[in-house]
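Just below is one structure, and these are the notes that go with it.
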Amino acid sequence: MTTPDEEAAKTFQEFDYDGDGFVTAMEFKLAMTARHEQVTGDEIDSIFGHADKDDDGKINQAEFIKAWNA
Numbered sequence: 411m412t413t414p415d416e417e418a419a420k421t422f423q424e425f426d427y428d429g430d431g432f433v434t435a436m437e438f439k440l441a442m443t444a445r446h447e448q449v450t451g452d453e454i455d456s457i458f459g460h461a462d463k464d465d466d467g468k469i470n471q472a473e474f475i476k477a478w479n480a
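Position one of the sequence shown corresponds to residue 411 (our numbering), numbered consecutively onward.
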């Protein structure tokens, strides 16, 4: 059985399309669309507002895991 952190790390890898260690808003939208989940620009702004703690416009794995498990 996987832990919540392991599951979040796996999901992060899925969302990180270019493998650079970050998830951008565009990658997030692409990943959600691939999961057949619609997400609006406002929802993405809200998610990034909460998860992107260093305000660099992208979510690193630690930020992603913390937000995913919140």
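Cβ coordinates follow ideal geometry from the N, Cα and C atoms, glycine included.
Spatial neighbours of residue i in its chain, beta-carbon cut-off 8 Å, leaving aside the 5 residues before and after
i: residue 477; result: 457, 460, 461, 469
i: residue 448; result: 442
Chain-order list of residues whose beta-carbon lies under 6 Å from that of residue i (same chain, five-residue window excluded)
i: residue 426; result: 433
i: residue 471; result: 422
Cβ separation of residue i and residue j, assumed to be a contact under 8 Å, to the nearest whole Å
i: residue 415; j: residue 479; result: 7 Å
i: residue 418; j: residue 474; result: 6 Å
Reference residue i, options the options, closest by Cα
i: residue 454; options: 438, 465, 445; result: 438
Extract the residue ranges of the beta strand (DSSP E) inside the segment 421 to 463, only unbroken runs of 3 or more that lie entirely within it. 432 to 434
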